[in-house]
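Asker:
Residue numbers (my numbering): 30 to 284.
Have a look at this one:
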C-alpha cells in the first residue's frame, strides 16, 4: 500500500506537467483545429464502434464500476477515488460555465465533423470524460498498484482522451486540460486520504463498497452513456463489477 504521498513528488506532477506543455504547444502554434481534424478522422479510418467503446471508459459510472471491480479489496484506493472525484468534479464543472466554449460541431458544422454518439455543441472546455479517466488512472498509479495494471490504466486514459476528439466531442486543448485536472485531483485525493483515514475504517469502507456496487447496478440497468455502439461493453463492465463487488461484500459481512 502506497502511503504519505507528497504533492511535491514527481509522480504527482509528471503527467500534469506534460499536459501543460502539450496545452501550451498547441495553443502557441494555433494547431488546435488542425490536430482536431486529424484525430477526428480516426473514426472513418478505423471503426466508429472502436472509438465509442473507448470513449465510454471516461464515463463516470463506467469508471466507478471499473474502479470498484479492480480495487474491491483496496479500501485505500476506493477512499482516495471518492475524495479525488470531488476535486475532479469541481475542476470540470467549475470551469465549463466560465469558459462557455463551443464544441467542434458548433464551430465547424456537421459537414466537417465526424460525430459518433450524441451531437454535442456546448460545454467543451475542459473534457469531463478525459478528466474522469485520468483521475481513475492517477489514483491507481499513485497508490502503487503493479506496473502492468498501472500502465494499462494509463494507456486506457490516453485512449479515452483521444477518443473524445475522434467522436467529435472535444478539441485537443480540452483533452489536455481534462487530463491535467484529473491527475491533479487524483494526487490531492491520495494526499487527503493519507491524512484522513475515515474511509479505510471497517464500517465506512463497507459503505463505500456498497456505493460502488450501487453505481455498477445503475450502469448495468438504467444508465445511458450516449453511445449505443458500446452497449455490450457497458453491460459487461457493469455485470462483472456487480458480481465482483457483490461477492466481496458478501464475504466481508459473513466474517
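Just so it is clear, CB atoms sit at the ideal spot from N, CA and C, and this is done for glycine as well. As the structure is a prediction and not an experimental result, all values here were calculated from the model.
#1: Residue 194 to residue 234, Cα distance in whole Å?
#2: Output the distance between the C-alpha atoms of residue 31 and residue 90, rounded to the nearest integer angstrom.
#3: I'd like the list of long-range same chain contacts for residue 188, defined as Cβ closer than 8 Å, with 5 residues on each side in sequence excluded.
#4: Measure how close the beta-carbons of residue 176 and residue 150 come, nearest whole angstrom, since I'm counting them as under 8 Å.
#5: Could you compute how far the alpha carbon of residue 244 sits from the alpha carbon of residue 159?
#6: Compare the beta carbon distance of residue 44 and residue 208 with 8 Å and say whether it is the shorter of the two.
#7: Here's the rule I'm using: 16 or more other beta-carbon atoms within 10 Å means buried, otherwise exposed. How should residue 258 be labelled?
#8: Specify the secondary structure class of residue 62 as computed by DSSP and reduced to three states.
#9: Determine the DSSP secondary structure at residue 269, reduced to helix, strand or coil.
#10: Within the continuous alpha helix (DSSP H) that includes residue 250, where are the two ends?
#11: For a test of the three-state rule: what should DSSP assign to residue 175, helix, strand or coil?
#12: So the candidates are 266, 227, 261 and 104; which of them puts its Cα closest to the Cα of residue 246?
Answerer: For this structure:
#1: Taking the first residue of the chain shown as 1, we reach residue 194 at position 165. Taking the first residue of the chain shown as 1, we reach residue 234 at position 205. Their backbone Cα atoms lie some 37 Å apart in a straight line.
#2: Position 2 of the chain shown, counted from the first residue, corresponds to residue 31. Position 61 of the chain shown, counted from the first residue, corresponds to residue 90. A caution first: residue 31 carries a pLDDT of 45, below 50, which makes its placement in the model unreliable, though a value can still be read off. Cα to Cα, the separation comes out at about 25 Å.
#3: Residue 188 sits at position 159 when you count from the first residue of the chain shown. Correct list, in chain order: 83 and 86.
#4: On the chain shown, residue 176 is found 147 positions in, with the first residue counted as 1. On the chain shown, residue 150 is found 121 positions in, with the first residue counted as 1. So it is not a contact: roughly 41 Å between Cβ atoms.
#5: Your numbering for residue 244 matches position 215 in the chain shown. Your numbering for residue 159 matches position 130 in the chain shown. If I take the Cα positions, the gap works out to 19 Å.
#6: Along the chain shown, one-based indexing puts residue 44 at 15. Along the chain shown, one-based indexing puts residue 208 at 179. Yes.
#7: Your numbering for residue 258 matches position 229 in the chain shown. Buried is the call here.
#8: Here residue 62 refers to the residue found at position 33 of the chain shown. Residue state, collapsed to three classes: helix.
#9: Position 240 of the chain shown holds residue 269. In the structure shown, residue 269 adopts helical secondary structure according to DSSP, grouped into three states.
#10: Walking along the chain shown from the start, residue 250 turns up at place 221. Note, residue 250: alpha helix (DSSP H), 231-250.
#11: Taking the first residue of the chain shown as 1, we reach residue 175 at position 146. Three-state result, residue 175: coil.
#12: In the chain shown, the residue the question calls residue 246 occupies position 217. Nearest to residue 246 by alpha-carbon distance, out of 266, 227, 261 and 104, is 266.
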